Every structure is written in structure tokens, then in C-alpha cells.
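>
The structure is reproduced here in C-alpha cells:
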């Protein structure tokens, strides 16, 4: 007897053998059923070798209790002790699968299925499983027989007799036998239907690929034909009844549960199409209507049940279509759609536990292999296997995938699929989620041979393999391209030039010959530069292919590398800073503006690194920009040198802002897409406006120093107007300004005015001198009297003009006025001067409101370019920028005197203030804000993509697709983008009609 407070030796031994609840295990070992064998040391050792010793012991006791008579119990007890293979198989199953333990408790004699192992039993095929199911003549009996066969498959699996590929093949063969048995039962139930038709069952998906899971939908397609002399319509109706009955036999839940769902949704037209079609009808559909993914699914088509000859006719007839799909017009777009992982439908709490759909999951491997098969399988018949691992081996043997990459991917895929199998085996439930409970993870880890620290080892190995898949997923496509042109691995089979071109075309490259030349130039040689670029290129090429213009991305990368390739910091940046390479790929392939800015001074690529705390691309504050520019101006020899430096800073910072915008809009592996697009628009508009202000401040200082030394004869200020004053400048916007001066004490008016005009003239000239830096155009057309009036006025002149001659449109324009450079005190006084004009006491009169509405209507009718689509013009079109801004500005003119929140130069801030003041509903404010943000983003996108400003969507398909990618629309969704734009602006126009026009 064990002393109180001390643990028994059995308790200790149970802990040592992996039991997590030794007390419960001790009680079970004391049960009557285990009395004859409880002290045999082999029993405890065998239990300890299972995935879950507690579960195995519990299942064993239940099985012994369920034996119908003592002799049967003694037979099982004797066999357990005497026959090690049976003991390992039985306890292995009981320790890995609670569901199969339940089956054995309900059918206690089924353990005999694990006793006899002839050589043929080690690797049974369809015939052996058909014999195992032969006596099942109804759905319940079929389920029992199916589970009995599943017992033997699971036993071989958990004991290591079969590997993953063999287990998956056996599960597919058992499914084949089950479908045949279910069809036989259905035919026996309706013999009159059976004699009218020929019905073939085509396995698809993992069943067709001979790589089935323990619990998975069995995907099928049905083909039916009339027997000789039968009416085709009646035959198809009969075949449909048989097919539907066969599906129910497998799918419906009975007292013995269900087998698995039979899913026929891969058929033509999916759920909406007929369940059974003739071969001719199938062919007509695939010739005319089928999409790329439907041909991809046919890679795994295999006749398995019913009329096998008809099934083979189906496969033979469709095979030529499958292997020419890469030549279809929309193949590249379809592939890009499929390559963009759709994880939005996965609950956030599950994404980290997904084995199949998450990045680095099983689908990544399967998709990569299938895509390469579609691209190269037409010319190489050795690639035409429906089994993922067999196809991967063939791809490696043919040089389409690097051997080392294929081996690592094979290893990762086997590990992840084995995890999936063991998770499903436990409860025989269809799931791809890694369990969260520690006990479940412990069982899972032990079932995979991880015994030291099962939970930690399992998670470590899982993440390691998922990382391998994620990294190799893209590399798999592109590494062989480098081998093909750079001959990196002598003696290894390489892609032929034709195969390399086919692959590039399939992945979106328009000019594969040029792409291969660029790859060869970048990857060839024995230099450190070539070695690092060979490492980077497979991933970069994938990022380029994910853009709307892969060719431009690759060409731009070559240009940057040619310019900086001998610079040590550049190669180190790309190699060592995680974000730099992907940021560079996104920027180089997103359009013309950012690469053009970068090519003018390639050293700006350093901005793409992680920076201090990951802030390398964060737009800089205006104060910091002014400090840098003014310091350089102070060191310059003359005004030209000073302004050249200021323009260089502007070019560099425009690149930084564009890169920040692109990365925020596209997202990267480490940085998701910016969720608040309005905030991104505000950041970009504010950054470009601050940069323009700093550039003007530096130019003004340089011109004054060069002409007058430290002091100009007149105080001078620059007032930002329009989008500049509103902190809403786009990449291609001119700087709308007013110039104001005030003669210093004792200075004659004429001399002060001449000096001010010379300053303006020289500023404009220096900012537009042809150079490698983009010009900054200054537009002063909003000044009094417009183009007919003087460029510069004194403060007194402005006061006199506005007092006597000011028109309502000038009051509206002054809503955006804000000092941006020069004498701060003079700028403040100018604002004090115009405040009564832009925020008139008691608001606008009716005549003024009518005049503003008249001007707006005239602008809509006269200024919209001829031939422009008014529903897609971002500035003057329906619900565009002008509509929203004029509506907001009318409210500012009417209510700004009473509502301090409306006294802002910024459109979105004024909108929010109008809503807060209850001048418009929250819904109306949201509609207007959404339209304004969208139209602004379209304008920014057009400039980024085309390299020149525009107010309409591009007509070039590739440029239009690039705008779509910036706005978050995947390949093939340009139509959705335009529809969404029209819908958003149509709603905004409805609000404008009410709030602005009073409709």
C-alpha cells in the first residue's frame, strides 16, 4: 500500500510514459477488463508510444468492455500481449482518433481488420477496398464497412507503415470504391433508371488527384449518355436521379454518421447548371464559356465510377483544352486573380491557425505546381499528373523548378499535409485549423513523432515549414529563369528559352525576350553584385508580376542597379533591410512618376529602407524641410546654386512622398494597406504642400540674398491659394499664390514695387529653369484683375481693390488663402484684411448665392473638355472635386462668420465642421467626403501611373489597370472600379443638388 502523501510507482511510471492524467489512468488500469494484462510491461510501453496515451487507454478499456462474450475479450487480450504489430496498430489508432475509438466501441469485432497483414494488405488498392465494401447493400452498412476499411488505413498511417503520399492515395482509392458501392446501391434501388443510361463519375480535386484527406468533400462531375435506342431526355433524367441518390448515400447522416459530402459544384455553371450533362454538352461549355480556373480544376479529372469508358472519353476529349489554356486571351489576368490570396473571408481569429488558405499554406504549394503545369504541360507530357507531389517531382526533373527548391517544398508540403491528416483523424471532421488547446496540440505533436516538447516543437516546425512555403512560393516561378539565362548550376536541367518565355508571358510580362535580357544582365557573372541580385531577383520578379506593369518594374530595377550596383551601401540595403527590396519593387512597377524621380538621383533609393524605427518613408515636417533648404541657401555661392539645391530637395522629397503613397496603397508583406484612405490623402496633400512652401521659402531667400543682401527694400509675403493654401496639392499641381508686399519705412513706393516684381520674376525663372529636377510652376491668376492685373500688389493696394471692386468669386477664392512664405507679420495682416470678405458678417445675400450658383453652372457647361465623360472627370464631372468643394465653400461663405470651425482652408476639415454645426447630416457629409477622397486618389493615381497630371481615367488598358491596383482593385476588376467611382460620385451629386443648388 502506498503511504499517504506519496505517489505510487505506477503513477510515476505513467507520467514517464506520457500520460497527462495518471490518476485516471491508474483507475482504468485497475479495471476488471485489464486484469490479465495490466502488469505486462509491454502494454504500458505500447500505450506510451501512442499520440495520446490517456485516450488510447480509455479506448482500449471501452473496446474490451464492448466485447460480446468472455472468449472474445480473452482473444483480444491475448493478441494484445502476444502480437506486437497488432498491439501497435490498435493502440496507435486509439491514441490518435477518438472517432475510430467510438467506432470500435460500437462495432467491437472490427478490431480484427487490423490483425491479418498479407503483403497485399500493406498497400491495398481499389480492388481490395471494393472487397471490403462488397457486403454493404444499404447506406448504414456502407458506413460501417467504410470505417472498417478506414481503420486499416489509419493504422498503417500512424504506425509509419505508409507515408503521406501512400496514405492519401489509399484514402482516394477507398473513396473510389465507396463511390462505386454507393452507385451500385442507387442503381439497385432504381433498376429502371439504370438500364436507360450510361453514367460516368469523374473525380475532381484531391480525390481525382489521388491525394485525398481523411475528411474532405469528394468533388465529382457527372457525364451521362443514353443507351442505344433510349430517349436522351429520359436517359438524362434517369442519370440525374441515380447521381443525386448516390450523393445522398454518401453525404446524409444516419445512425452511423455520414461518410463525406459529395460535391458536384465544379460542374459547368456550378450550382446553377444541370447535375448531369452529355459529353457533347460538356464540350460545348468548355469550348465557349469555361474560365481559366475550370481548366485548372480539370488537371485532376479522373474517371472513378460508373461507365469508366465514358469517363475516359470525357477526359480524353477535354485534355487538349486543358493543355492549351495558357494561350487563352485572359489567361494572365485570370492567373493574377488566382494568385492574389483571398483571405478576407477567413475570420481574423482563424487566419493564424489556417493550414490550407493562409500565406505559406497548402494552397500556395498546390497553386504554384498547377500553374507551372498549365504553362509547360502542353509541350512536356511528363508534367501531366493530377498528384501534387508527383507533378512537383516531374517539374524538378524537367528543370522547370530548381531541385533544391522542389525538395524543400516537398518536405514542407508533406509536413503540412500530415498535420492536416492528424487533425482530421482525431474527430473525423473536416477542418484545416490547427487546434488552440494545449492538449490537442500535444496529441498532434506526438502523433508526428515530436516527443521531447511536443507543443513547442510542433509550433516551431509548423512555422518553419510555412515560412519555407511562403518564401519559395514566388521563388519557384522565377529561380529557373535565372538558371536558364545565367547558367548558374552546370549539369542541371534548365528551362529552354521557349519555356522561359512562356513562363514570363503567363506571369504577366508583355516582352519576355527583353525581360530575359534584363535578367541575364542582372544575374550573370561572379561579382558580389551579381550574387546578391541572384538572391533577390526571384522574389523581386514575383513582386513585379503582382503589379500592372511587370516589364517596367524589371527595366527600372536594371537601371537603378546599373547606376548604383557598385555602391556598397545599395547592395547592403537590399540584402539586409527587410522592407527595402519590396518597397523598391512596388515603387518601380507602380507607374512612371516615382521611377522617373528616382532615376534623376538614384541614391534616393536609401529612403526605401527601414529607417529609424521603420520611418524611412514618412513625409518630413515642413520645419525640417525649411531648415535644410535655408541652411543650404546660406552656403550657396549664388541664387542659381541655391535654388538648384532647393529643387533637388523637392525632387527627393517628392519621391519619398510618392513611395510612401504607393506602399500605403499597395501594402507589403510587413505593412498592410492603409485602411483609412482619407488619412492617406491628407498625408500626401499635406506633404506636397509643405514641400512646395519650403521650396518657395528657400527660393525667396536665395533671390533676396543675391539681389539685395540680407534686406529687401520691401516686406514680402507669399500667400498660398487653391489646393496649395488648402494643404491639398497633388503631385502635378501648380502652386496657386498671391504676392503681397509693403514698402519699408522711408522706401519709395516705386522702388519697393520694382524690387517686389523683380523677386517674383526671378523666383519664377529659377524654379522653371530646365534641369534634371521637375519644375515648380507658380500660378498667380487668382490675383485681383486676373492675368490683366499686376503680379504683385502692396497690402494697401489689395485693401483698396477689395474694398471697391471685389467680386463674389474672389471672396470664394480667398477661402483658401494662407501665408506660406516670406514675412510672417505681413502674411498675418493680409489674412486679417481678407477675413471679412471670406467670412462676411451675416453671411451672403441672395444675389451673391445666385451668382455663385450661376458661375458653377457655367463652369460645368463650358470648361468640361470636349468628349470627356462627365461621370468620370474627377475635377469638373458629376460629384467630383468641384461639386464637393463649391458646396463646402458656399457653406463657409454663408456661415463662417458664426461657426469658427468653418474658418479653415481645408475641404475635409470644413466638411466635418459643417456636420458638427448641423448644417448637413452626417450621412451627407460622409457621402461628400467619400467622393472627394476618391476623386483625389484617382488624380494622384493618374499622376503616379502616367507621370503627368490628368483629371480623367487613362484610356490605355495597362495604365487603367495600374490605377485600379493603386485603388485596391485586383486584376480583371477595372470595370468594378469604374462602376464604383460612378456610384460614389452619383450619390455625391445628389447631395450637391440639394445642398448647393437647393433642388
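Residue numbers (the working numbering): 365 to 1363. C-beta: ideal position from N, C-alpha, C; glycine also. Since the model is a prediction, treat every value here as computed from it, not as a measurement.
(1) Along the chain, where does the beta strand (DSSP E) that runs through residue 566 open and close?
(2) Go ahead and label residue 573 buried or exposed: buried means 16 or more other beta carbons lie within 10 angstroms of its beta carbon, across all protein chains shown.
(3) Under DSSP, the beta strand (DSSP E) around residue 1105 begins and ends at which residues?
(4) Could you tell me the distance, in whole angstroms, from the CA atom of residue 1361 to the CA atom of residue 1199?
(5) Just how far apart, CA to CA, sit residue 1202 and residue 1099?
(6) Using a Cβ-Cβ cutoff of less than 6 Å, which residues in the same chain neighbour residue 997 once the five nearest sequence positions on both sides are dropped?
(7) Since I believe residue 1101 is in contact with residue 1084 (beta carbons under 8 Å), could you give me their beta-carbon distance rounded to a whole number of angstroms?
(8) At what residues does the beta strand (DSSP E) containing residue 1183 begin and finish?
(9) When DSSP labels each residue in this structure, what does residue 447 get in the three-state scheme?
(10) On the three-state DSSP scale, how would you describe residue 797?
(11) Within the chosen definition, does the region 908-925 reach the region 881-895 through at least 3 CB pairs nearer than 8 Å?
(12) Taking the C-alpha atoms as reference points, what is the distance between residue 1276 and residue 1251?
(13) Once DSSP output is grouped into helix, strand and coil, what is the label at residue 1360?
(14) Over the uninterrupted beta strand (DSSP E) stretch that includes residue 1082, give me the two end residues.
(15) List the residues that DSSP assigns as beta-bridge partners of residue 582.
(16) On the CB-based measure, 16 or more other CB atoms within 10 Å of its CB, does residue 724 come out buried or exposed?
(17) Out of curiosity, what's the CA-to-CA distance linking residue 593 and residue 914?
(18) Taking only the alpha-carbon atoms, compute the straight-line gap between residue 570 and residue 381 and give it to the nearest angstrom.
(19) Mind listing, in chain order, the continuous alpha helix (DSSP H) runs of no fewer than 4 residues lying wholly within the region 1127-1169?
(20) Over the uninterrupted beta strand (DSSP E) stretch that includes residue 670, give me the two end residues.
(21) Run through DSSP, which three-state label would residue 1007 get?
(22) Hey, how far is the Cα of residue 458 from the Cα of residue 598?
(23) Less than 9 Å between the beta carbons of residue 983 and residue 1024, yes or no?
(24) So for residue 1270, helix, strand or coil by DSSP?
(25) Using DSSP's beta-bridge definition, name the partner residues of residue 618.
(26) Would you identify the three-state DSSP class for residue 588, choosing helix, strand or coil?
(27) Who are the near neighbours of residue 749 in its chain, counting only those whose CB is closer than 7 Å to its CB and skipping five residues on each side?
(28) My guess is that residue 986 and residue 1054 are in contact by the Cβ rule of under 8 Å, so how many angstroms apart are they, rounded?
(29) What is the DSSP secondary structure of residue 1297, reduced to helix, strand or coil?
(30) Quick check: the Cα distance between residue 852 and residue 817, rounded to an integer number of angstroms?
(31) According to the neighbour-count rule (16 or more other Cβ atoms, all chains shown, within 10 Å of its Cβ), is residue 1176 buried or exposed?
(32) So, do the region 1137-1149 and the region 1013-1021 have three or more beta carbon pairs nearer to each other than 8 Å?
(33) May I ask which residues mark the beginning and end of the alpha helix (DSSP H) holding residue 636?
(34) Which stretch, first to last residue, makes up the alpha helix (DSSP H) that contains residue 923?
(35) My output table needs one value for residue 727: the three-state DSSP class, helix, strand or coil.
(36) Would the beta-carbon of residue 460 fall within 9 Å of that of residue 430?
Checking against the coordinates, here is how it stands:
(1) Counting from 1 along the chain shown, the entry for residue 566 is found at position 202. Note, residue 566: beta strand (DSSP E), 561-567.
(2) Along the chain shown, read from residue 1 onward, the residue named residue 573 stands at position 209. Answer is buried; the Cβ neighbour count reaches 16.
(3) Looking up residue 1105 in the chain shown gives position 741. Per DSSP, residue 1105 belongs to the beta strand (DSSP E) from 1099-1107.
(4) Walking along the chain shown from the start, residue 1361 turns up at place 997. Walking along the chain shown from the start, residue 1199 turns up at place 835. Cα-Cα distance, rounded: 25 Å.
(5) Sequence index remark: in the chain shown, residue 1202 carries index 838 (1-based). Sequence index remark: in the chain shown, residue 1099 carries index 735 (1-based). Taking the straight line joining both Cα atoms gives about 21 Å.
(6) Taking the first residue of the chain shown as position 1, residue 997 is located at position 633. Excluding residues within five positions, the ones whose Cβ falls inside 6 Å are 1006, 1062, 1065 and 1066.
(7) Position 720 of the chain shown holds residue 1084. Position 737 of the chain shown holds residue 1101. The pair is a contact, with the Cβ atoms about 6 Å apart (cut-off 8 Å).
(8) For this step, residue 1183 is matched to residue 819 along the chain shown. From DSSP, the beta strand (DSSP E) with residue 1183 extends over 1182-1186.
(9) Locating residue 447 in the chain shown gives position 83, counting from the first residue. It is coil, neither helix nor strand.
(10) For the purposes of this step, residue 797 is taken as residue 433 along the chain shown, with counting starting at 1. Strand.
(11) yes
(12) In the chain shown, the residue the question calls residue 1276 occupies position 912. In the chain shown, the residue the question calls residue 1251 occupies position 887. Each residue's Cα considered, the two are about 13 Å apart.
(13) Position 996 of the chain shown holds residue 1360. It is coil, neither helix nor strand.
(14) Position 718 of the chain shown holds residue 1082. Here the beta strand (DSSP E) through residue 1082 covers 1078-1084.
(15) Position 218 of the chain shown, counted from the start, is the residue given in the question as residue 582. Beta-bridge pairing links residue 582 to 626.
(16) The count along the chain shown starts at 1 and reaches residue 724 at position 360. It is buried - the Cβ of residue 724 has at least 16 other Cβ atoms within 10 Å.
(17) Counted from its first residue, the chain shown places residue 593 at position 229. Counted from its first residue, the chain shown places residue 914 at position 550. About 58 Å.
(18) The count along the chain shown starts at 1 and reaches residue 570 at position 206. The count along the chain shown starts at 1 and reaches residue 381 at position 17. Approximately 37 Å between the Cα atoms of the pair.
(19) 1159-1168
(20) Locating residue 670 in the chain shown gives position 306, where the first residue counts as 1. 666-670 is the span of the beta strand (DSSP E), which, as asked, contains residue 670.
(21) Within the chain shown, numbered from 1, the residue matching residue 1007 stands at position 643. Correct three-state label for residue 1007: helix.
(22) Start at 1 with the first residue of the chain shown, and residue 458 comes out as number 94. Start at 1 with the first residue of the chain shown, and residue 598 comes out as number 234. Each residue's alpha carbon lies about 49 Å from the other.
(23) The residue you call residue 983 lines up with position 619 of the chain shown. The residue you call residue 1024 lines up with position 660 of the chain shown. Yes, Cβ-Cβ distance for residue 983 and residue 1024 is below 9 Å.
(24) Along the chain shown, read from residue 1 onward, the residue named residue 1270 stands at position 906. Here residue 1270 sits in coil by DSSP.
(25) On the chain shown, position 254 is the one that residue 618 refers to. As a beta-bridge residue in DSSP terms, residue 618 pairs with 621.
(26) In the chain shown, counting from the first residue as 1, residue 588 sits at position 224. Reduced to three states, the DSSP call for residue 588 is strand.
(27) Here residue 749 corresponds to residue number 385 of the chain shown, with the count starting at 1. Here the set comprises 755 and 758.
(28) Numbered from 1 along the chain shown, position 622 holds the residue referred to as residue 986. Numbered from 1 along the chain shown, position 690 holds the residue referred to as residue 1054. Between residue 1054 and residue 986 the Cβ distance is about 4 Å, and since that is below 8 Å, they are a contact.
(29) Working through the chain shown from its first residue, we reach residue 1297 at position 933. Note: residue 1297 maps to helix in three-state DSSP.
(30) By one-based count along the chain shown, residue 852 stands at place 488. By one-based count along the chain shown, residue 817 stands at place 453. Reliability of the predicted coordinates at residue 852 is poor, the pLDDT of 48 falling under 50, and the value obtained from them is presented with this limitation in mind. Distance between the alpha carbons of residue 852 and residue 817 is about 41 Å.
(31) Position 812 of the chain shown holds residue 1176. With a 10 Å radius around the Cβ and a threshold of 16 neighbouring Cβ atoms, residue 1176 comes out buried.
(32) The region 1137-1149, when compared against the region 1013-1021, does touch it at the 8 Å Cβ threshold.
(33) Walking along the chain shown from the start, residue 636 turns up at place 272. It is not in any alpha helix (DSSP H) - residue 636 carries neither H nor E in the DSSP assignment.
(34) Translated into positions along the chain shown, residue 923 becomes position 559. Where residue 923 is concerned, the enclosing alpha helix (DSSP H) stretches over 914-928.
(35) What you label residue 727 is simply residue 363 of the chain shown in a count that begins at 1. Helix at residue 727.
(36) Position 96 of the chain shown holds residue 460. Position 66 of the chain shown holds residue 430. It is not a contact, given that the beta carbons lie outside the stated cut-off.
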